[in-house]
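There are 2 protein chains.
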Amino acid sequence: MKRIILKELFNNHQSYVGKEINIKGWVRSVRKSKAFSFIVVSDGSCQDLLQIIADENIDNYDALSSMLTGTCVSLNGLIVESKGKGQSIEMQANGGEVIGAVDDSYPLQKKGTSLEHLREIAHLRSRTNLFGAVFRVRHELAQATHQFFSNRGFFYLNSPIITNVDGEGAGEMFNVSTVSKAGFKKDDKGEIDFSNDYFGKETSLCVTGQLEAECHALGLGAVYTFGPTFRSENSNTKRHLAEFWMIEPEIAFADLDDVANLAADYIKHLIDHALKNCASELKFIHSIPFSDVDKNYVDTLKSVVDSEFKKITYTEAIDILNASNEKFEFPTNWGDELQTEHEKYLTDKHFLSPVIVTDYPKDFKAFYMKQNDDGKTVRAMDVLVPGIGELIGGSQREESLEKLESRMKELNMDLENYWWYLELRKFGSAPHGGFGLGFERAIMYITGMSNIRDVIAFPRTPGNCDF
Amino acid sequence: MKRIILKELFNNHQSYVGKEINIKGWVRSVRKSKAFSFIVVSDGSCQDLLQIIADENIDNYDALSSMLTGTCVSLNGLIVESKGKGQSIEMQANGGEVIGAVDDSYPLQKKGTSLEHLREIAHLRSRTNLFGAVFRVRHELAQATHQFFSNRGFFYLNSPIITNVDGEGAGEMFNVSTVSKAGFKKDDKGEIDFSNDYFGKETSLCVTGQLEAECHALGLGAVYTFGPTFRSENSNTKRHLAEFWMIEPEIAFADLDDVANLAADYIKHLIDHALKNCASELKFIHSIPFSDVDKNYVDTLKSVVDSEFKKITYTEAIDILNASNEKFEFPTNWGDELQTEHEKYLTDKHFLSPVIVTDYPKDFKAFYMKQNDDGKTVRAMDVLVPGIGELIGGSQREESLEKLESRMKELNMDLENYWWYLELRKFGSAPHGGFGLGFERAIMYITGMSNIRDVIAFPRTPGNCDF
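Going line by line, the protein sequences match chains U and G.
Oh and the first sequence: position 155 is 606 in my numbering, straight run, nothing missing.
Oh and the second sequence: position 67 is 518 in my numbering, straight run, nothing missing.
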């Protein structure tokens, strides 16, 4: 008998009523009474679970009616309209078999398990209603990303993971080596000699694909990356991972306004796609009481799709903060960094919507950003969203070789290492810009999940690299 | 005036005839004569180049007519039907400006440059006709991959990059560390003590995402990865990279036949998508005399889409090789590995088509493969394609805890490190399997490019980690 995936079954349930089919999946619960049992099965393809009624007279009833939660099972039966509340259809089993048993030590029992505990059994957590939902939303947001950029003529770039440059100039990089375990050689001055390492030089895991994306944007016009990036900072927060996925579009012939508009359109597209393709998943996740998000969060998301993102300069943001009656922990003088509390005030209290802040002081922004004529600020932008804070950081890039070199020298960077990046400004340079979206933060924003470790399959954080 | 991307212009050229538009891009050539100049421009969006006729009376003629190859330019003009051969339309310029100049040192002059030299200027090579074509094909194959799996109900999994397990048991891994440069600590026995490293244990770059994909397949039903993988082997060949992208689907409730059929369908889908979406690119690449591929290669690819992939066992393959009159360098006794020459004989001479070889001797296959009852072979498969050899490797996985543990002990593996992988066989186990496709090898196969370094943006090989 043909196996039907539950997503297909529930999406087209009318056409299956009256038909005999096979389903395969994992048992969520078995409730046994005298003459029959109720078995609930998930196969992970959708949020819906199938309820199966097994009469005591069917083949193999003893084994089927005594299955424990987590058992892998194959069941044959007739699909009928359901008499139960909230269920469209159910199955009247006429037989089946246990594919894979479990014992009492199976950690996902019917009763609720804490998110903390589920992180320790990340190899099994995709079997729960909650994590099944999260990973299906993640899947849809990835598809939405490829569709959005591809439809707009951007080419997907697999920027390199192992690199010899620090694309953000922040120094928080993992070393990659084949000789480190045997011990690095030292030269006469006591410096590490990397010449016998795999690549013959010092190499690290990338913090961004932007510099390489600029190369391809100035050849193909518009590109985007979607790949893993790494930060070795010792941050044990709900918002940081050592390994996370980033989407970085880069466009030639674009200024900061173009970049900001692209960012807003992209966020709206992500939300719109999730609302259309993951309604059951979002409803389920938003109904669980583990975050600030409530069951009406879908309405908040819908309003973002229809809203215009506010655009203000950093200077205007500082003015708004100083004109407010809020008591902030951190100072808000011109030149101070915007802290999470400031960003939250802007999005959650002042504007009640996402906000794009532009033209930050150059001192706390990266070397590659286009310098404004005021000598103090750069053409940077951060997109701040309610509840999360910074979701996107971007900028127009400095396209003048002279200005870029002078800024890099100011920052004591080793220009030789960046020879190819500088050459982009020497050979047919063009105004260009782009941004980076932390994929996990976008998933947090749309699902309302409050810990970043719960929106990536196998999180990497200080001291944690299991699975 | 509105900028029109060349892809849009050429795809809908009839609707632009008689209209004034702006285009932006990079100069491929300028041919200056007395009263006018011919300027050829690419913007990277498509294979087509736009020819622009600039009359000496237009604004800024001196600057525009003396532009060097590589100059970034903005041009306004009228689109007219072309009188030239092979061109559908051209532009009659009425003005424009140089956006970014170049000097004589620009390395991409009009005359041909060797592929070797272009690898040394990988930051610029996307500006050539050839590499523009390759990277657009790469883009389309990535889109085709996501569409194929998503349409079949597979969920995209971002499997972890930094890992503490060796998923292939082959030991060819890069170490990842934040303390290695300062020097690892040693314990009393002289062994490295990783406790003060970032993750508190030894960590490496993944060689596969398969083991984690198995976790999610046994929760969500069917998943696929598409991410970077790494091998630190010292292979300086045309077919090996230290960093390459792999697609790894994994399905629950599947046997090796299901996996083999999925692999064949996927390869056909990739070819079909490329033929439909990259006709100009493939025509251009196949016309360049740098490989065994000729300009009729499109016909070869088309025939693969319509063909049934041959399926033979390893044992049958050995019989075919021994029955042939070929002189092979390597032996072909039962138990010997199939070498490239053997694979090429099967695909290029015996079958003249892709071939799926199954049921290899267990001794040269990975620990996780399902053991056949003969005690000698495992349910492995390799998909071999003409010209390339192995494109896909896959298997049904061993779902029996007892058999898997016993094989891992035989191979002296540290079972404790794989506790979570083993638990998948303890809790609701199911028959399952999957495969890995090396993305760059698939691009080589379809484009006919003969060196793997020329189908990835910034290749990483022994001694090479620039850009």
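Even for Gly, the Cβ is constructed at its ideal location relative to N, Cα and C.
Helix, strand or coil at residue i [DSSP, three-state]
| i | result |
| --- | --- |
| Asp-506(U) | strand |
| Thr-688(G) | coil |
| Arg-904(G) | helix |
| Glu-767(G) | helix |
| Thr-751(U) | helix |
| Asp-814(U) | helix |
| Gln-538(G) | coil |
| Leu-888(U) | strand |
| Leu-835(U) | strand |
| Gln-661(G) | helix |
| Phe-681(G) | strand |
| Val-756(G) | helix |
| Glu-780(U) | coil |
| His-883(U) | strand |
| Val-710(U) | helix |
| Asn-773(G) | helix |
| Thr-798(G) | helix |
| Met-895(G) | helix |
| Asn-823(G) | coil |
Contacting residues, own chain, Cβ-Cβ under 7 Å from residue i (five flanking each side not counted)
| i | result |
| --- | --- |
| Phe-605(G) | Ala-673, Val-674, Tyr-675, Pro-700 |
| Glu-619(U) | Val-658, Thr-659, Ala-817 |
| Lys-689(G) | Ser-901, Asn-902, Ile-903 |
| Asn-614(G) | One detail in the question is off: residue 614(G) reads as Thr in this sequence, not Asn. Here the set comprises Thr-654, Ser-655, Cys-657. |
| Val-682(G) | It is Arg, not Val, that sits at residue 682(G) in the sequence shown. For Arg-682(G), where only same-chain residues beyond five positions count, the Cβ hits under 7 Å are Glu-623, Val-658, Ala-693. |
| Val-836(G) | Thr-798, Pro-805, Leu-842, Tyr-896 |
| Ile-472(U) | Met-452, Lys-453, Ile-455, Ile-530 |
| Tyr-796(U) | Leu-772, Ser-775, Glu-777 |
| Ala-505(G) | Phe-487, Ser-488, Ile-490, Tyr-512, Leu-515, Ser-516, Ala-544 |
Under 8 Å by beta carbon: chain U residues contacting residue i
| i | result |
| --- | --- |
| Val-627(G) | Phe-625, Asn-626, Val-627, Leu-656 |
| Tyr-607(G) | Arg-589, His-590, Ala-593, Gln-594 |
7 Å Cβ cut-off: residues of chain U touching residue i
| i | result |
| --- | --- |
| Ser-686(G) | Correct list: empty, because the minimum Cβ distance to chain U is about 11 Å. |
| Ala-881(G) | Cys-523, Ile-550, Gly-551 |
| Glu-663(G) | Ala-908, Phe-909, Phe-918 |
Cross-strand partners of residue i (DSSP beta bridge)
| i | result |
| --- | --- |
| Ser-525(U) | Lys-475(U), Glu-548(U) |
| Ile-807(U) | Lys-762(U), Val-834(U) |
| Glu-699(U) | Thr-676(U) |
| Gln-790(G) | None, per the DSSP bridge assignment. |
| Val-531(U) | Glu-541(U) |
| Glu-694(U) | Phe-681(U) |
Own chain partners of residue i with C-beta closer than 6 Å, once the 5 adjacent residues on each side are dropped
| i | result |
| --- | --- |
| Ser-731(G) | Gln-498 |
| Trp-696(U) | Pro-679, Phe-890 |
| Lys-458(G) | Ser-496, Cys-497 |
Beta-carbon contacts of residue i that lie in its chain and below 8 Å, excluding the five residues immediately before and after
| i | result |
| --- | --- |
| Thr-783(G) | Ile-769, Leu-772, Asn-773, His-793 |
| Val-906(U) | Val-585, Arg-589, Glu-891, Ile-894, Met-895, Thr-898, Met-900 |
| Thr-629(U) | Asp-648, Tyr-649 |
| Ala-573(G) | Ala-908, Phe-909, Pro-910, Asp-917, Phe-918 |
| Ser-577(U) | Gly-495, Gly-583, Phe-586, Ala-908 |
| Asp-644(U) | Phe-635, Lys-636, Lys-637, Asp-638 |
| Lys-470(U) | Leu-529, Ile-530 |
Beta-carbon neighbours of residue i, restricted to chain G and to distances below 8 Å
| i | result |
| --- | --- |
| Lys-652(U) | Cys-916 |
Proximal chain G residues relative to residue i, where beta-carbon distance stays under 9 Å
| i | result |
| --- | --- |
| Arg-454(U) | Phe-704 |
| Phe-487(U) | Going along chain G, no residue has its Cβ under 9 Å from Phe-487(U), so there is no contact; the nearest lies around 23 Å. |
Proximal residues of chain G, C-beta to C-beta of residue i below 7 Å
| i | result |
| --- | --- |
| His-574(U) | Cys-666, Trp-871, Glu-874, Leu-875 |
| Ser-426(U) | There is simply no residue 426(U) to check, as chain U begins at 452 and stops at 918 in what is shown. |
| His-597(U) | Gln-594, His-597 |
Cross-chain neighbours of residue i in chain U, by beta carbon under 9 Å
| i | result |
| --- | --- |
| Pro-611(G) | Pro-679, Glu-694, Ile-907, Ala-908, Phe-909, Pro-910, Arg-911, Cys-916, Phe-918 |
| Gln-847(G) | Going along chain U, no residue has its Cβ under 9 Å from Gln-847(G), so there is no contact; the nearest lies around 14 Å. |
| Asp-494(G) | Leu-671, Gly-672, Ala-703, Phe-704 |
| Arg-892(G) | In chain order: nothing, as chain U lies at least about 14 Å away. |
| Asn-728(G) | Ordered by position in chain U, no residue passes the 9 Å Cβ test against Asn-728(G), which lies about 10 Å from the chain. |
Residue i CB to nearest heavy atom of the ligand HEM below 7 Å
| i | result |
| --- | --- |
| Val-468(U) | You won't find the ligand HEM in this model; it holds no ligand whatsoever. |
Problem set entry | Continuous beta strand (DSSP E) assignments of at least 3 residues falling wholly in the segment 585-659 of chain U | List check, beta strand (DSSP E) in window: 606-608, 626-628, 654-656.
Problem set entry | Whole alpha helix (DSSP H) elements within the segment 840-868 of chain U, 4-residue minimum | Segments of the alpha helix (DSSP H) lying fully in the segment 840-868 of chain U: 852-861.
Exercise. If you scan the segment 454-520 of chain G from start to end, which runs of the alpha helix (DSSP H) of 4 or more residues do you find wholly inside it?
Worked result: Whole alpha helix (DSSP H) segments, 4+ residues: 457-462, 464-467, 512-516.
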